[in-house]
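The structure appears right after this line, and notes come after that.
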Amino acid sequence: MPPNPVSVSQLCKETGVSDVTLYKWRKDYKNRGIAVPGDHSKLENWAAEDKR
């Protein structure tokens, strides 16, 4: 998530959480209406309030 986006693979290495779990969490948050990055999101496409 902005402002410090990292790749899923890097996040998996840093946290020990599997990519399957990270993608599930992202899907769960998205379904709840919480702003999450997409697969190919670009920071400039995010609204200012979502970059926090």
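Residue numbers -7 to 44, in my numbering, belong to the letters of the sequence shown in order.
Quick reminder that beta carbons are idealized off the backbone N, C-alpha and C, glycines included.
Heavy atom of the ligand MG within 8 Å of residue i beta-carbon
i	result
Ala27	Absent from the structure shown: the ligand MG. Ligands present: none.
Three-state secondary structure assigned by DSSP to residue i
i	result
Val(-2)	coil
Val9	coil
Arg24	coil
Beta-carbon proximity check, residue i vs residue j, cutoff 9 Å
i	j	result
Val12	Glu6	no
Tyr21	Val0	no
Arg18	Val9	no
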